[in-house]
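Counting from 450, one number per residue, gives the positions in the sequence shown under this note's numbering. No residue lacks a Cβ here, since even glycine has one placed at the ideal position from N, Cα and C.
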Amino acid sequence: MKTNIFDKAAHFITSIKAVILAMSFLLIFLMIETTTLFVRQLPEDISLFWRVIGSIAIAFAFEFTVLIFTANSDHTTKGLKPQHVLALFHFLINTYFWQVFEFVDWVDLSYKLFLSFLFPYLTFQYAALFEKKFREKVSNDQSMMKELSRQQAEYKSAYNNLTSSHEQ
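Set out below in structure tokens:
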């Protein structure tokens with residue numbers, strides 16, 4: 450069966466690969482954002498080289514912590530969970546990065562607040578979507594293994610019947 454480019458695009462967009470790709474781009478931006486913020490905020494008596502190295506390290510650690518906690522948590526239970534606290538921290542990092550507290554005008558403030566909410570929300574949604582897609586993949590793989598085991602048992606039974614009929 451031949452598939453056209455639109456079917457291939459639809460299959461890719463709904464795949465775990467697309468989620469990982471989009472999440473990777475988002476994480477790269479968020480790491481740059483977090484690194485920039487920490488370079489600005491670390492004490493100036495630390496040399497620029499070490500401020501940058503430290504900022505990159507904390508950005509990687511923080512962004513992957515958010516991702517790991519969000520992707521590995523139960524999204525069906527209610528209540529405050531670690532990923533909610535991390536999303537709040539992410540929001541606060543964004544407010545400082547986008548300099549929300551340097552009030553210019555209402556339009557600028559609205560834009561900066563929007564961006565400050567947007568990135569923690571996207572991180573949370575991509576991690577939740579990744580977790581859902583991964584569970585679907587595992588479930589599909591398990592179903593395929595059961596089907597292969599059933600077919601193997603069927604072929605083995607047919608082979609045994611065939612060899613026993615030749616022996617008689």
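The alpha helix (DSSP H) spanning residue i covers which residue range?
i       : result
Phe-509 : 497-520
Pro-531 : 531-546
Leu-491 : It is not in any alpha helix (DSSP H) - Leu-491 carries neither H nor E in the DSSP assignment.
Phe-455 : 454-462
Mind checking whether residue i and residue j have CB atoms under 9 angstroms apart?
i       : j       : result
Ala-577 : Ala-520 : yes
Thr-572 : Leu-476 : yes
Thr-544 : Phe-511 : no
Ala-536 : Pro-569 : yes
Ser-504 : Val-488 : yes
Lys-561 : Val-468 : no
Given a threshold of 16 other Cβ atoms within 10 Å of its Cβ, counted over all protein chains shown, does residue i qualify as buried or as exposed?
i       : result
Ser-565 : buried
Leu-529 : exposed
Val-515 : buried
Trp-499 : exposed
Ile-454 : exposed
Ile-542 : buried
Phe-461 : exposed
Among the options, which has the Cα closest to the Cα of residue i?
i       : options                               : result
Phe-478 : Lys-466, Phe-550 and Ala-508          : Ala-508
Ile-517 : Tyr-575, Phe-461, Phe-474 and Ala-467 : Tyr-575
Glu-580 : Leu-558, Phe-550, Ser-522 and Leu-597 : Ser-522
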